[in-house]
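A short write-up of the structure that comes next.
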Amino acid sequence: MTTTQRVRRTPRPTAATLMVCVIAAGWFVRSRAAGPAVIKFEDIAAKAGVQFRHHTRNFKGTSADVLKMFTSGGASAAVGDFDNDGFDDLFIVDSGEGTKSHLYRNNGNMTFTDVSEKAGVGGGNDPLSIVADALWFDYDNDGWRDLLVARFGTPLLYHNEKNGTFKNVTAQSGLSKFGNTIAVVAFDYDNDGRLDLMFGNYFKPQNLLDPAGIEKDPHVLPNDLDNAVNGGGVTLWHGLGNGRWEEVTEKAGFSKHTGWTLDIGHGDFNNDGLQDIYLACDYGTDRIFFNNGDGTFRDATEKALGFDTRKGMNADVGDYDNDGWLDIYVTNITDEYMKECNMLWHNNHDGTFTDLSRETGTCETLWGWSAKFGDYDNDGLLDIFVVNGLRSAGPDNYIPVLVDLITKPGVDFTDVRGWPNIGNMTWSGYQKKKFFKNLDGSSFKEMSNAAGVDNDKDGRGIGVGDFDNDGRLDFYQANADQNSLFYRNTTTDAGHWIELKLVGTKSNRDAIGARVTVKAGARTLIREVDGGNGYAGQSTQRIHFGLGASTTIASIQVRWPSGAVQTVSAPIDKITTVQESAASGSR
Amino acid sequence: MNRTWIAIAAVAMAVAQGVRPAVVTSQQADLAALEAALSAAPDDLRAANDYRMAIIPVKQYDRSIAFFKKLTADHPTAANAHLNYGFAYVDKIPDAGAITQVILANNALGEFTKSLDLRPSWIALYTRGNSYLFWPRIFNRTKYGIADLTEALKMQKIETKRHYHVRVYVSLGDGLWKYDDLPGAANIWREGLAQFPDSDKLKARLAKQGDELKTVIEADYDPQKRVDTSLQDLWMER
C-alpha cells in the first residue's frame, strides 16, 4: 500500500493555486535537468529558533579538568517526527549538570517551537548522570515515536503519549544497567518485529562523577592509546515487545569486546537479510560483527578489516558507489601531529572491506567526529559531510604538553591523576568542516567553503533530514560547548528525488533495517532505514533518493525486515508513505 | 659469504616462501645466531645493522628492541649498540599506531643521544639530526635537527668525501626549509649539488617551489613509510 503526501501546515490549495503549482512543478522539472547542481547551504539556526548552546559537564575533585576533557563528546542531535505531522522534529542534547535537553517541534515552515517543557523530556543531567545521546524509535509499534536518552549513567526511556507529552517508562523497561554510554542504535537483529537496542559505552562502567570512586580507582583512562582494551564495550538488549528488554550481550557474542566504543553503525553488510554491526572505537581496533541469524554474531574483524590502531569516531553506512553493497565511513584523527587518515570501507562483496579513503579523497578531516552520507544535490550519489575539532580555546596548544606525558618512561596512561590539565589550551581546535561531493562513485571533491559549511566550531553530532519537505537534505550540527548550527539546503538545480516513509506491519513499525532498491535511468540505488547510525546524531528515518535528471523510475522494491519483498510505485519529487503489505512475497 | 649474510639470506628466503613451522624454527635459530654474534662484538656497527635488517622482514621488532635493551645494559659504553638500539625503535614505527609512533620516535632519540654522548660521530649526528625533522613543527624540535646536521656537515668537510655525505646536504636543507628559511635551504641544496651533481633528491628540491616543494620534502618524512635504516652505505664503495 502506498500513499503520497506532502504535508504542510498551510490552508488547502484552491484550484487556481493548484494550477500554479502544477505549472511551477513543470518548470522545476525542466530547470533541474538544465545544468549541474550548485550545492549550497545556509545556516538558519537562529532564524529557525533552534540555536542552542551545549554545555559539557563540569566535574568535581582534583581530576575534574582531565575528566571534562575526556567526556566532551556528548553534543548530540536526534531527528524524528514525534507528532506524526509529516515534518521531522529535533531533539538536541545538553550535558551540563542541571541543564535541559531540548525538543523542537517543526512548524512546517523552517521554524521550530521549543516544546521541551510540555513534552517533559528535557531532564537527565542529574549530579551522577550525563546525557550524551538520544534516539527516536517506536518501541511498542503503536505508530508514535518514543524517545530514548542515553547517558553516562542509566538510560531514560520516554513513551510517546500521542498528545505532545511523554511518560517516563524507564523503570519497567529493564534498561537499568549502568554504562558510560555515548552511542545507541535501535535495530531488529532477529527480525521479530520488536526493536532491539545496542549501547556503545566509552569508559568502563564506573561512575566518573563520583569523586570518591575516582579517588578509590583513578585508573579509568585508556590502558594504551593505540590498542586499548579497557573501555566500556557494548551491551545488546533484546526487545521483548512489552516495553521491556533483556540483556543478551554475552549470548549474542559481544562480551569480549572491551574497546572504547564511540559509535555503532548497523546495516546488512553481506546482503543476507540480517543486520550486521560495525563498532568505531577510540584508541584502537574497530570491530565488525556479522549476524549469524540465530541470535548470535561472529567477530569477523581480522578477516573483514584487519586490526587497526586508529581513533575510530564515527560509523555511517551507505552505498557510495552504487554497487548494491553497503560501505562504511569511519572518521579518525589526521592532524599536524598525527596522520591516521579516515577509513572509507569499500565493501568487496565477500565479507571483506578495503579502505579506499586515500583513493577517493576522503582521508583527511582533521580531528573527525560525526560524518553523514547523504545525497545533498540529488544526483544519485551519496556525498559526505564531516564535522571535526576537539577544543577551540586559548593560543597555547595542549599537544606539546601531552607529548611530555606520552613520552614519559613507564607512564601509566590509565591513571587520570597523571594527565596534565588542559586549562584554557587549545587541542585540535578551530578546524574547518569538510564536505565531500561524490563525483562519480569513486572520487570525491572537498567543497565545504563553496557549500557554505566550512565553519570552525567544535562539531560533534549531525542530524540529517529534509526538514522542509522540499526534497533537499538539510542538517543540524551539534557542537560541544558552542552554539549549534542548522543548515538549510539551498542547492540550485538539484536533481529529482523521492522520499519514502516506510511503515512496517509484520516488521517493526519504524521499518528499521528495511532496504529499498530503486532502479532509475542507468542506476540501481539502495538505501536502508537505520536506527541511529553516525556519531552523536540520528538522521531521518525517511528514505531519500536523489534521481538526477531521471524523470521516471523503472522500479522500487522494498525488502522488509520480516523478509517480505514488496514492489511499490512512487511519483518523483514527492514524499510517499509505503506500508508493509500482508500480501508481499517473501525472499 | 660470511655467517651473517647466510642468516639474512635464510630469513629473506623464509619470508618469500611463506612461514612454515620448520622455517619459523630456522628463522629463530638464525636470529639467535645473529644475536650471539652481536653479543660477542656489541660495538660492531655492521653486525648490529645486519641483525636489524634480518628482523625487519619478519617483523619481530619487540625482540630486537628487547635484545638491544639488554645489549646496551650489558655494554653501556658501546656507542654503536645505542645507535642501533635507536634504529630498532625506528624500524617498528611504520607498524605502530600513531601515538605509539611518537613514543618510539622519542625513545629512538634518547638512544641516539646516548650514542653521541659516548662517541660523537658523523653517522650519529646525521641520524639524530634527521630524526628531529620527522617531528611536526608544533614540537619545536627542528632547530635541534639543524644544529646536529650543521655539525655533521662540518665533520664531513674535514673528512674524505664519501658518497653518503650527500644526505646531510639534503636533510640540512630540509630542516632549514621546515624552519621557514627557504633561502638558507636553497643555499645548502645548491652547495650539495655542486658536490654531488648526480643527486636526484637535491635536483628535485631545487626544481620545485611552494606546495610542490612541500610535497617533495614531506614525502621523505612520512611516518607511515618505512625509513631505510640500513647503514650499508657506510661500507659500500661506489
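For the protein sequence lines, the chains are A and B, in the order given. Here my numbering is used: the first residue of the first sequence is 14, the next is one more, and so on. Here my numbering is used: the first residue of the second sequence is 9, the next is one more, and so on. In this text, a Cβ means the ideal position worked out from N, Cα and C, and glycines have one as well. Quick caveat, the model's predicted, so the values are computed rather than measured.
The way I'd put it, the segment 358 to 372 of chain A does touch the segment 335 to 346 of chain A; three or more beta-carbon pairs between them come closer than 8 Å.
With a threshold of 16 other beta carbon atoms within 10 Å, Arg234 of chain B falls short and is exposed. Within the segment 66 to 140 of chain A, complete beta strand (DSSP E) segments of at least 3 residues are found at 90 to 93, 102 to 105, 115 to 119 and 125 to 127, given in chain order.
Short of 7 Å from the beta carbon of Leu161 of chain B, and not among the five residues preceding or following it, lie these beta carbons of its own chain, in chain order: Val176 and Leu180. Interface residue (Cβ-Cβ distance to chain A less than 8 Å): Gly94 of chain B is not classified as such. Short of 6 Å from the beta carbon of Ser85 of chain A, and not among the five residues preceding or following it, lie these beta carbons of its own chain, in chain order: Thr69 and Ala493. Residue contact with chain B for Leu379 of chain A: absent (no Cβ-Cβ distance below 8 Å to any residue of chain B). The segment 506 to 521 of chain A makes no contact with the segment 122 to 129 of chain A: fewer than 3 CB pairs, one atom from each, lie closer than 8 Å.
Annotation: the continuous alpha helix (DSSP H) that includes His90 of chain B extends over Ala87 to Lys100. Between Val79 of chain A and Trp440 of chain A, the CB-CB gap reaches or exceeds 8 Å. Per the coordinates, the alpha-carbon of Gly286 of chain A lies some 30 Å from the alpha-carbon of Phe457 of chain A. Per the Cβ contact rule, the segment 247 to 260 of chain A is not in contact with the segment 447 to 465 of chain A (fewer than 3 Cβ pairs under 8 Å). The beta carbon of Lys316 of chain A sits no closer than 8 Å to any beta carbon of chain B. Of all residues in the segment 562 to 580 of chain A, none comes within less than 8 Å of chain B when Cβ atoms are compared.
Identification of chain A residues near Gln232 of chain B by a Cβ-Cβ cut-off of 8 Å yields Lys352, ordered along the chain.
Around Asp239 of chain A, the beta-carbon contacts reaching into chain B at under 9 Å are Ala104, Gly105, Ala106, Ile107, Thr108 and Gln109.
Residue pairing from DSSP places Arg300 of chain A in a beta bridge opposite A:Leu292. Counting only Cβ-Cβ distances below 8 Å, Pro413 of chain A has contacts in chain B at Ile146, Phe147 and Asn148, in chain order. Near chain B, meaning a CB-to-CB distance below 8 Å, the residues of the segment 402 to 429 of chain A are Asn410, Ile412, Pro413, Val416, Ile419 and Thr420. Assignment of Arg257 of chain A by DSSP, reduced to helix, strand and coil, places it in the coil class. Per DSSP, reduced to three states, the secondary structure at Glu541 of chain A is strand. In the DSSP assignment, Ala199 of chain A forms a beta bridge with A:Leu210.
The CB of Thr322 of chain A comes closer than 8 Å to the CB of Ala104, Gly105, Ala106 and Thr108 in chain B, given here in chain order. CA-CA distance, Glu377 of chain A to Arg323 of chain A, rounds to 13 Å. Apart from sequence neighbours up to five positions away, the residues of its chain that approach Ser238 of chain B with a beta-carbon distance below 7 Å are Asn57 and Met61, ordered along the chain. The CB of Asn114 of chain B comes closer than 7 Å to the CB of Thr420 in chain A, given here in chain order. Cβ neighbours of Asn138 of chain A within its own chain (closer than 7 Å, five residues either side excluded): Asp107, Ser108, Gly109, Glu110, Gly111, Thr112 and Val144. Excluding residues up to 5 positions away in sequence, Val63, Ala90, Val92, Tyr117, Phe125, Gly476 and Tyr489 lie with their Cβ nearer than 7 Å to the Cβ of Leu103 of chain A in the same chain.
Ile290 of chain A places its beta carbon 8 Å or farther from that of Met356 of chain A.
Here the segment 235 to 254 of chain A makes contact with the segment 268 to 284 of chain A; the two share three or more CB pairs at distances below 8 Å. Rounded to whole angstroms, Leu208 of chain A and Tyr152 of chain A show a C-alpha spacing of 6 Å. Taking a beta-carbon distance threshold of 8 Å, Glu349 of chain A counts as an interface residue toward chain B. By the Cβ criterion, the segment 113 to 128 of chain B is in contact with the segment 91 to 101 of chain B, since at least three pairs of Cβ atoms, one from each stretch, lie closer than 8 Å. Between the alpha carbons of Ala212 of chain B and Val178 of chain B lies a gap of roughly 10 Å. The three-state secondary structure of Asn345 of chain A, taken from DSSP, is coil. DSSP, reduced to helix, strand and coil, places Ser139 of chain B within a helical segment of the structure shown.
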